[in-house]
Each structure stands twice: as C-alpha cells, then as structure tokens.
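No gaps in the numbering here: position 145 of the sequence shown is 148 in our numbering, and each next residue is one more.
Note that the Cβ used here is the ideal one computed from N, Cα and C, for glycine as well.
All values derive from a computational prediction rather than experimental measurement.
Have a look at the structure below, then the notes.
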Amino acid sequence: MPKMTLREAISFGLTEALDNDSDVFLMGEDVGKFEGSYAVTKGFLDKYGKDRVRDTPISESAIVGSGIGAALIGLKPIIEIMTINFALLAIDQIVNHAAKLSYMSDGQLQVPIVIRTVTGGGAQLGATHSQNFENWFASVPGLTVVTPSDPYDALGLLRTSINSPNPVIFTEHATLYRTQGDVPKKPYSIPFGKAKIKKSGTDITLIAYSKSVHTALEAADLLALKGISTEVIDLRTLNPLDTETIVNSIKKTNRAIVIEETWKTGGFNGELIARIQENVFDSLDGPVGRINSDDVPSPYSGNLESSILPSANKIVDLAHDLYGI
4 MPKMTLREAI
14 SFGLTEALDN
24 DSDVFLMGED
34 VGKFEGSYAV
44 TKGFLDKYGK
54 DRVRDTPISE
64 SAIVGSGIGA
74 ALIGLKPIIE
84 IMTINFALLA
94 IDQIVNHAAK
104 LSYMSDGQLQ
114 VPIVIRTVTG
124 GGAQLGATHS
134 QNFENWFASV
144 PGLTVVTPSD
154 PYDALGLLRT
164 SINSPNPVIF
174 TEHATLYRTQ
184 GDVPKKPYSI
194 PFGKAKIKKS
204 GTDITLIAYS
214 KSVHTALEAA
224 DLLALKGIST
234 EVIDLRTLNP
244 LDTETIVNSI
254 KKTNRAIVIE
264 ETWKTGGFNG
274 ELIARIQENV
284 FDSLDGPVGR
294 INSDDVPSPY
304 SGNLESSILP
314 SANKIVDLAH
324 DLYGI
C-alpha cells in the first residue's frame, strides 16, 4: 500500500476528478500560475489549462458567488479559499445562498460546490490567519463540513465531497500537509457522518477531529504509561455528526474528553457534550471534559502560540482532575 502525504492525497483526488469529469473545474486565488498557496495544485495549470484551473481576483465573495452560479447550471466547481479566515468575506454567499438554495427551491436547484480551505493554528501565521471557523459553518443547515486528519481520510472524503449534490466545506489543517499515511491504490470513498475509532480502549474516550486527533493520540500514549486504556474517536465530519459512535464508546468507557482547536466559548465541543448528556448521561462517571485553544487571538510567537493550543499534557492533566486517572 503506497504512502502519501495529505497534500499529495488531496492533489491526487483533484487530478482524478479533473481527469474523470469534464464538469469539474478549480477556481481560487493562486491555484494556477502560483500552483496553490500550499502547493496542492502544482502543475495543474500546465496540464488542464486556464479554463479548468482559474486564477481569480482577491475577492472571496466573487469567487464563491461565481462558483455557486456555475454549480446551478450543472458544473462542479472546486473552490479554494486560501484560509478559512478569508471565508468570512464570503459568508453571505456560503450561508444564505449555497446552503439554502436547494431548500428554498424544494429541491429543484442543487449546489454541488466544494469549498476547500485551510484552517488552524500552530504555523505562526498570526492572529488573523490562524483561526478555526469550521464549528461556525457546522451549525448551518445545508452545509456539510469535512475535517480530515490523515491522507487516507482526506482522499476518501474528497471523493465523496466532489460527488455530493450539496455544498461542502472541506477543511485542511495548516500543519497537516506533510502528514504521511497509507493510501490504497484501489479506489475508495468515505461516507459523511461516519466517525472512525483510531484507537480502541476501555477506560476513557477522547473525541477529536483534524489536527486534534493527533494530539489525542499523543495523550493516549501518555495515559498508557499510567496503565490507562484510551479510546480515540476521529469525527471526520462535523455536519453530519456521528453521534452513535460517540455514545457507544462512552457506554463502554464511562468517561470522555472532547478536544478541538477552536476557542472554548462557542466551541463545537460544547455541542458534542450536549449530545452526550442527552444520549448517555447515565453512563458517565463524571463531567465530560473540554480542551480548546485559549479564548485569545493567536500570538505570532511560536512559544506563545503553542501555549494556547490543545496539548497532550493538558488532556492528561484534565483526565486526572476529572476522573482521578
């Protein structure tokens, strides 16, 4: 089974889509001549030409609005927004148009658009380029929000996203592009709303997505040194959300901590904890823990930035504080 980086897996998925479907095209800032801000579309302009790999002006509202229009006439645009921070400039197009047109037309209209965007901190990109807004978009009916943590999931979920008749926010963490993993040669896809148990355990459940999955796995290794068996769940998608896998795990472990990189105030893990309380409260040995980034703008300094982000040690300390383990 060949290995790929997450960058290579996404690039492969885009190449596959462009090769197999003439309705697919790419559009965004620097996707063509510059070969992508994170080098995902390297060589694409030469291979597919400017009609299918379109560089755009610096106007996220125009990029997404044009993509929605193209989707409405039967094309399959894959839009790149350089970072999720810039998606705020297109929030009207995403939330009030892409997410709602199918509902408002009683299904007569479809918006098969994929919006790829980079999320997350840890790369010293400063306060305005290191934020996480996937939780915001996950609260919008009509939007699918995808959060892969490794190359296998990135490719499988990208295939599903491109074939979806509905709009998808496809997030790629800024620090995961060099992450390596096995990717089968045989074509596969991953359904939305199906979490993955990355590590089985019996004493505590750690629930995470994107970069935080790696943090949770590091914490699981530290907890193992103390004789604690940890189950780690990778959500893969925030909307739809796989509540069933979470509930079944907590029925077994009776303890849970939810980890994500968003700010704690308004964080998606608050929604997860609410669902846990609603569905499996009687199985809990204590309160569900939350690990988030601190409620401050991201510092530019690497040391300061690391101090506000989730870490394995923070998870281990919280597990001890909550459950005495």
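- With the rule of 3 Cβ pairs closer than 8 Å, the segment 269-286 does not count as touching the segment 86-106.
- Inclusion of Glu221 and Ala315 in the CB contact set at 8 Å is warranted, their separation being smaller than that value.
- Within the DSSP bridge table, the entry for Thr248 names no partner.
- A residue is called buried once 16 or more other Cβ atoms fall within 10 Å of its Cβ, and Leu228, having fewer, is exposed.
- By the Cβ-count criterion, Asp54 is exposed, with fewer than 16 other Cβ atoms from all chains shown falling within 10 Å of its own Cβ.
- Ranking Asp156, Val283, Ser301, Lys103 by CA distance to the CA of Ala12 puts Asp156 first.
- Leaving aside the five residues that flank Thr178 on each side, the residues in its chain whose CB is nearer than 7 Å to its CB run, in chain order, Gly123, Gly125, Ala126, Lys214.
- In the displayed model, Gln111 falls within coil according to three-state DSSP, outside both helix and strand.
- The beta carbons of Thr44 and Val34 sit closer together than 8 Å.
- In the DSSP assignment, Ile262 forms a beta bridge with Ile294.
- In the structure shown, Ile172 adopts extended strand secondary structure according to DSSP, grouped into three states.
- Taking the Cα positions, Glu264 is about 5 Å away from Asn295.
- The way I'd put it, the segment 103-113 doesn't touch the segment 200-216; fewer than three beta-carbon pairs between them come closer than 8 Å.
- In the three-state reduction of the DSSP assignment, Arg57 falls in the strand class, which pools E and B.
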